[in-house]
Each structure stands twice: as structure tokens, then as C-alpha cells.
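S.K.: Read in order, the letters of the sequence shown are residues 233 to 436 in the numbering used here.
One structure, pasted below without further comment.
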Amino acid sequence: MKYPDDSNNTEKAHAYRVIVLASMAPALISITTKIHQKCLWHNGQWHPEEWQSIVHEAVWYHASRTPYIWGTFLWNMFDFTSYWRNEGGVPGRNDKGVVTYDRKTRKDVFYFYKANWSDEPTLYITSRRYTERTNKIANVKVYSNAKEVELFLNGNPLGKKTPERDCIFLWPQVTLSPGENRLEARAMINGKLYTDSCTWTLKQ
């Protein structure tokens with residue numbers, strides 16, 4: 233199939249409607265890393281949660297802006313059994329879900345989709361399980377369907393942000409202090425204040 237040269241021409245694009253089957257990337261909540269550090273191939277053992285989010289963000293960015301793509305499916309809601317796999321540190325497991333195998337923990341990217349696809353108020357600090365830090369400079373990312381989010385570090389304001397795109401709020405180059413660093417996000421959604429917080433520890 234030849235795709236339309238001008239994807240901004242909606243009428244023309246309707247003649248070339250296609251479907252993207254899946255957005256997928258593996259992730260274990262026990263593996264976290266500096267944001268934007270690339271994951272190894274899916275059948276390896278290194279499946280950081282942050283890499284899954286980056287992949288899904290990129291797929292949704294393009295799918296939502298391409299008029300001849302009429303639908304895309306999320307693969308998968310839950311981690312699931314796959315007997316022949318030996319990857320991500322868990323034999324027999326496919327960890328491409330946005331919720332863990334035991335259905336108890338929603339991975340970061342779950343809240344990316346919730347913020348984009350649901351009207352339910354959403355405010356979520358990502359990389360919250362990356363608790364032990366060795367680099368004092370950190371990028372902070374928040375998913376929210378609020379119009380504006382304010383971030384605090386140990387009670388000190390780091391400024392208000394509007395979304396960069398697709399319900400993604402970014403505070404780059406945040407300086408952490410030795411010891412515990414408490415991050416708190418605050419946002420007004422539909423006239424109500426919502427908060428979310430997590431603690432990162434910078435090793436001294």
C-alpha cells in the first residue's frame with residue numbers, strides 16, 4: 233500500500249486508512265534506570281520501566297497525529313505467562329504489560345494512557361521506583377491531564393509547567409541533595425486540588 237504523501241489532507245487520507253496493531257515494550261518494576269538510557273533488545277535481561285514509557289510515548293505521538301491510522305492497540309494490559317521466554321530476569325514471563333503479572337502494580341506507562349485516554353483526574357510522578365540515586369542531577373517527569381502542574385522538592389517550589397505534549401510534564405536538570413529527596417506534584421483539576429509524591433535517596 234502506498235501511503236498518502238500529504239498526511240494533513242484528511243479527506244485524502246481516509247482512502248488509505250490503516251491500523252497499527254500494537255504499542256509494546258517490556259518492563260519490570262524492579263529494574264529502573266536514568267531516563268533516556270536505552271534498553272537492550274526485548275529478549276535480554278535488562279528491561280527498565282523507563283524505557284517502556286519512552287517507547288509508548290513515541291508510538292502514541294505518531295499514531296495520534298497521523299490521520300490515515302484509524303486505530304492502535306495496546307499490547308498488553310497485564311504481564312502474562314509465556315513458557316518459552318527467558319528474559320527480563322523472570323523465566324516464562326512476558327513483561328510487556330502496563331500492569332504487573334499479579335495485577336497489583338500499575339507501571340508508569342499505565343498512567344500515561346490514563347492521563348490521555350480517561351477523563352478521570354490523573355497526576356503521577358514517574359520513575360518513583362528508582363529510589364536509590366547516584367547522580368545528583370535528575371529529570372523529573374509527570375503524567376497528568378491537568379492544564380498545569382507545580383512541582384516541589386523538599387517543600388521548595390521548582391515551578392509550574394504546562395504539558396510538553398500528550399499530558400507529559402517535564403522538569404529537566406533538577407538538583408538533588410544528599411539523603412532523602414521528597415518530590416511532590418500538585419495540580420488543580422476540575423476545581424479540586426490533587427497531589428502525588430515520592431521519595432528518592434541520593435547516596436552520599
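Beta carbons are placed, not taken as given, at the ideal position from N, Cα and C, and that holds for glycine.
Confirm the yes/no value for this check: CB of F384, any heavy atom of the ligand GDP, distance under 7 Å.
M.R.: With respect to the ligand GDP, the structure offers nothing, as it holds no ligand at all.
S.K.: Once the 5 residues before and after T407 are set aside, which same chain residues still bring their CB inside 7 Å of it?
M.R.: The sequence position of residue 407 within the sequence shown is 175, counting from 1. So the qualifying residues of the chain are K368, I369.
S.K.: Select from Q277, W432, L415, S285 the residue whose C-alpha is nearest the C-alpha of K346.
M.R.: Here residue 346 refers to the residue found at position 114 of the sequence shown. Looking at the Cα atoms, S285 is the closest of the given residues.
S.K.: What does a CB cutoff of less than 8 Å around R335 pick up in its chain, not counting 5 residues either side in sequence?
M.R.: The residue labelled residue 335 in the question sits at position 103 within the sequence shown. Excluding residues within five positions, the ones whose Cβ falls inside 8 Å are F310.
S.K.: From which residue to which residue does the beta strand (DSSP E) around D340 run?
M.R.: What you label residue 340 is simply residue 108 of the sequence shown in a count that begins at 1. Segment 340-349 is the alpha helix (DSSP H) holding D340; no beta strand (DSSP E) there.
S.K.: Decide if W283 is buried, meaning its Cβ has at least 16 other Cβ atoms within 10 Å, or exposed.
M.R.: The sequence position of residue 283 within the sequence shown is 51, counting from 1. Burial call: buried.
S.K.: What are the boundary residues of the alpha helix (DSSP H) that includes E509?
M.R.: Since the first and last residues shown for the chain are 233 and 436, residue 509 lies out of range.
S.K.: Within the chosen definition, does the region 375-393 reach the region 309-328 through at least 3 CB pairs nearer than 8 Å?
M.R.: Verdict: no, contact absent.
S.K.: Buried or exposed, going by whether 16 or more other CB atoms sit within 10 Å of the CB of F401?
M.R.: What you label residue 401 is simply residue 169 of the sequence shown in a count that begins at 1. Answer is buried; the Cβ neighbour count reaches 16.
S.K.: So, for Y343: in the same chain, excluding its five sequence neighbours on each side, which residues have a beta-carbon less than 8 Å away from its beta-carbon?
M.R.: Walking along the sequence shown from the start, residue 343 turns up at place 111. For Y343, where only same-chain residues beyond five positions count, the Cβ hits under 8 Å are T354, Y356, T358, Y375.
S.K.: Tell me where the beta strand (DSSP E) around R317 begins and ends.
M.R.: The residue you call residue 317 lines up with position 85 of the sequence shown. Residues 312-319.
S.K.: So within the region 350-404, which uninterrupted beta strand (DSSP E) runs reach at least 3 residues, ignoring any that extend past its ends?
M.R.: Fully enclosed beta strand (DSSP E) runs of 3 or longer: 355-357, 369-376, 381-385, 388-393.
S.K.: Report the partner residues of M420 according to the DSSP bridge assignment.
M.R.: Numbered from its first residue, the sequence shown carries residue 420 at position 188. L425, per the DSSP bridge assignment.
S.K.: Indicate whether R437 and L425 have their beta-carbon atoms separated by less than 8 Å.
M.R.: Outside the shown range of the chain, which is 233 to 436, sits residue 437, and nothing can be said about it.
S.K.: Grouping DSSP H, G and I as helix and E and B as strand, with all else coil, what is W278?
M.R.: For this step, residue 278 is matched to residue 46 along the sequence shown. Coil, per DSSP.
S.K.: Does the Cβ of A378 have 16 or more other Cβ atoms within 10 Å, making it buried, or fewer, making it exposed?
M.R.: As a working mapping, residue 378 is identified with position 146 in the sequence shown. Looking at its Cβ environment, which holds 16 or more other Cβ atoms inside 10 Å, A378 is buried.
S.K.: Tell me the residue span of the beta strand (DSSP E) that contains L408.
M.R.: Locating residue 408 in the sequence shown gives position 176, where the first residue counts as 1. First-last for L408: undefined, no H or E at that position.
S.K.: On the CB-based measure, 16 or more other CB atoms within 10 Å of its CB, does Y362 come out buried or exposed?
M.R.: The residue given as residue 362 occupies position 130 in the sequence shown. So Y362 counts as buried.
S.K.: Give me the Cα-Cα distance between Y429 and H288, rounded to the nearest whole angstrom.
M.R.: On the sequence shown, residue 429 is found 197 positions in, with the first residue counted as 1. On the sequence shown, residue 288 is found 56 positions in, with the first residue counted as 1. The sequence shown places Ser at residue 429, rather than the Tyr named in the question. Cα to Cα, S429 sits roughly 23 Å from H288.
S.K.: Pick helix, strand or coil for N326, following the three-state DSSP scheme.
M.R.: In the sequence shown, the residue the question calls residue 326 occupies position 94. Strand, per DSSP.
S.K.: With DSSP collapsed to three states, give me the class of R335.
M.R.: Counting from one through the sequence shown, the residue named residue 335 turns up at place 103. Coil, per DSSP.
S.K.: Can you tell which of Q405, E380, Q436 has its C-alpha closest to the C-alpha of I421?
M.R.: As a working note, residue 421 is residue 189 in the sequence shown. Answer by Cα proximity: E380.
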